[in-house]
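A.B. asks: For reference, the structure I am asking about is given below.
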Ligand code: SDX
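Numbering (our numbering), first residue to last: 177 to 603.
Structure (structure tokens):
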């Protein structure tokens, strides 16, 4: 018999098994708690709750460690490619050369979208936020791919996963083109996954588009850094939506909607807007004080994390990528100096030290994306593009778990106890 968690409540003795993973915190199996005690646990933000077993991604928040199928994010960012990381997340192992070539070919054959899908964009105002377009268009994919929505069929799940990974760059680029009134460009499968995306985004039919290798490499690395991240809010949304048997396209649309929030994936857009509002380093102390003021809703966007109580390893790679992109694009941005100074001041401030607030993946990403040429409204779209592989891998892991059940949390009820209806003329 393994370890047991023993406690008594309401005069009842409770025994719960302790489950061990391969690394990281053990968990107390409370699945029988309500049956044994008539009580629920209470954990609204899931700060102490494991929602599932998973073999995809491991985070050690205290040490600032992030592993995908055991491989450290720093090694993947430096040595791998986004297509290879997609294969790793979906299949559990790094591919051989032939396996990677086959996977790359398979994904490239799904990059086009149904021609009717293009008409969906026409229904939006030109100034629609691209994330609003992404929510709508990705959700609409359910209407086009009836041959890959039977989630009980592993082959259909695989095809749907490949379609989603392959089409997100096309859909994202179309959202950007629509917002600036330029024509859509079809995918060019002679290019890499990321090169294809850059051309569809920044190319025009009037001339050849040259993919800059340094920018392609930086963009590909940014996709790797955003690929998956354990049971974050949007991944948990995808899992919960999928637990009801909803089709994968609808589940990913739900994940996109959740990611949009400024506390989550929307922070990259908010972080650059914050840096622009701060402007010059001399104005930093004022904003640091606002971030510390309990009565001021202002927070340092791109700082803090539910899990990382150390430096987000993705932020480290992101910061070093800034200069690479500046050199490749022959640009600079004074906001980078402001960001570096803000980080230095915050990390030496007792408030941030005590609360273990460090830069997260969103703090520097906006500076890079802006240097490449993206408007801030596209930042979270890029996050969603990259995170799609994590979402579909987590969704596949859940659906293929024989013990999978629909997610249905309970509550602590604090409303009125039963009372009788009073006719209006007696109130
Ligand atoms: C992502 O979960 C994931 O893995 C997400 C993600 C992924 O890859 O999927 O990593 C991507 O979403 C990164 C996070 C992006 N969001 C931001 O940068 C927005 C700013 N950060 C915060 O809103 C906040 O840090 C959260 C939402 C990220 C985390 O919030 P928690 O874990 O609920 O922590 P909390 O809000 O309870 O904060 C703890 C304390 C609070 O003070 P007290 O109430 O204890 O006095 O720290 C303070 C907060 O006020 N605090 C901040 C702060 N973040 C937390 N104070 C100032 N500035 C901040 N940024």
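C-beta: ideal position from N, C-alpha, C; glycine also.
Using C-beta distances below 7 angstroms, list every residue in its chain close to residue 569, excluding the 5 sequence neighbours before and after it, in chain order.
C.D. replies: Result list for residue 569: 232, 265, 266, 404, in chain order.
A.B. asks: Restricting to runs no shorter than 4 residues, where is the alpha helix (DSSP H) found entirely within the stretch 341 to 367?
C.D. replies: If we require 4 residues or more, the stretch 341 to 367 turns out to have no alpha helix (DSSP H) run fully inside it.
A.B. asks: With DSSP collapsed to three states, give me the class of residue 543.
C.D. replies: Reduced to three states, the DSSP call for residue 543 is helix.
A.B. asks: What do you reckon, are the CB atoms on residue 190 and residue 182 nearer than 9 angstroms?
C.D. replies: Yes; because the gap between Cβ atoms is below 9 angstroms, this pair is in contact.
A.B. asks: Is residue 208 near the ligand SDX, judged by its Cβ being under 8 angstroms from some heavy atom?
C.D. replies: Outside the cutoff, so no.
A.B. asks: Flag this pair as yes or no: are the beta carbons of residue 423 and residue 538 separated by less than 9 angstroms?
C.D. replies: Contact flag unset, no.
A.B. asks: Is it a yes or a no for the stretch 502 to 511 touching the stretch 546 to 560, going by three-plus beta-carbon pairs under 8 angstroms?
C.D. replies: Yes, since at least three Cβ pairs between the stretch 502 to 511 and the stretch 546 to 560 fall closer than 8 angstroms, the two stretches touch.
A.B. asks: Is residue 340 closer than 9 angstroms to residue 317 when the C-beta atoms are compared?
C.D. replies: Yes, the pair counts as a contact, with Cβ atoms nearer than the cut-off.
A.B. asks: Look up residue 534 in the DSSP assignment and say whether it is helix, strand or coil.
C.D. replies: Residue state, collapsed to three classes: coil.
A.B. asks: Three or more C-beta pairs closer than 8 angstroms, one from the stretch 513 to 533 and one from the stretch 457 to 468: is that the case here?
C.D. replies: The stretch 513 to 533 vs the stretch 457 to 468: in contact.
A.B. asks: Between residue 503 and chain D, is there a C-beta pair that is closer than 9 angstroms?
C.D. replies: Absent from the structure: chain D. Only one protein chain is present.
A.B. asks: Assign residue 541 to one of two classes, buried (16 or more other C-beta atoms within 10 Å of its C-beta) or exposed (fewer than that).
C.D. replies: Under this definition residue 541 is a buried residue.
A.B. asks: Quick one: measure Cβ to Cβ for residue 668 and residue 487, integer angstroms, because I've assumed they're closer than 8 angstroms.
C.D. replies: Residue 668 is absent from the structure shown; the chain starts at 177 and stops at 603.
A.B. asks: If we count the other Cβ atoms within 10 Å of its Cβ and call it buried at 16 or more, is residue 462 buried or exposed?
C.D. replies: Answer is exposed; the Cβ neighbour count stays below 16.
A.B. asks: Is there at least one non-hydrogen atom of the ligand SDX closer than 8 angstroms to the beta-carbon of residue 483?
C.D. replies: Yes; taking the cut-off as 8 angstroms, the Cβ of residue 483 has a heavy atom of the ligand SDX nearer than that.
A.B. asks: Please say whether residue 561 and residue 344 have beta carbons closer to each other than 9 angstroms?
C.D. replies: Yes, the Cβ-Cβ distance between residue 344 and residue 561 is below 9 angstroms.
A.B. asks: Flag residue 238 as yes when its Cβ comes closer than 8 angstroms to any non-hydrogen atom of the ligand SDX, and as no otherwise.
C.D. replies: False, no ligand heavy atom lies under 8 angstroms from that Cβ.
A.B. asks: In terms of residue numbering, what span does the alpha helix (DSSP H) encompassing residue 276 cover?
C.D. replies: Start and end: 273 to 284.
A.B. asks: At a cut of 8 angstroms, does the stretch 588 to 597 reach the stretch 472 to 484 through at least three beta carbon pairs?
C.D. replies: With a cut-off of 8 angstroms, the stretch 472 to 484 and the stretch 588 to 597 do not count as touching, because too few Cβ pairs lie within range.
A.B. asks: Quick check on this structure: which residue in 203, 204, 216 has the alpha carbon closest to the alpha carbon of residue 185?
C.D. replies: Selected option, being the one with the closest Cα: 216.
A.B. asks: Confirm, please, whether the CB-CB distance from residue 370 to residue 406 is below 9 angstroms.
C.D. replies: In this structure, residue 370 does not lie closer than 9 angstroms to residue 406 by Cβ.
A.B. asks: Classify residue 192 as helix, strand or coil using the three-state DSSP reduction.
C.D. replies: DSSP places residue 192 in strand when its eight states are reduced to three.
A.B. asks: Hey, would you say the C-beta of residue 342 is under 8 angstroms away from at least one heavy atom of the ligand SDX?
C.D. replies: Flag unset: Cβ of residue 342 not near the ligand SDX.
A.B. asks: Under 9 angstroms, do residue 557 and residue 348 count as touching if we go by C-beta distance?
C.D. replies: In this structure, residue 348 lies closer than 9 angstroms to residue 557 by Cβ.
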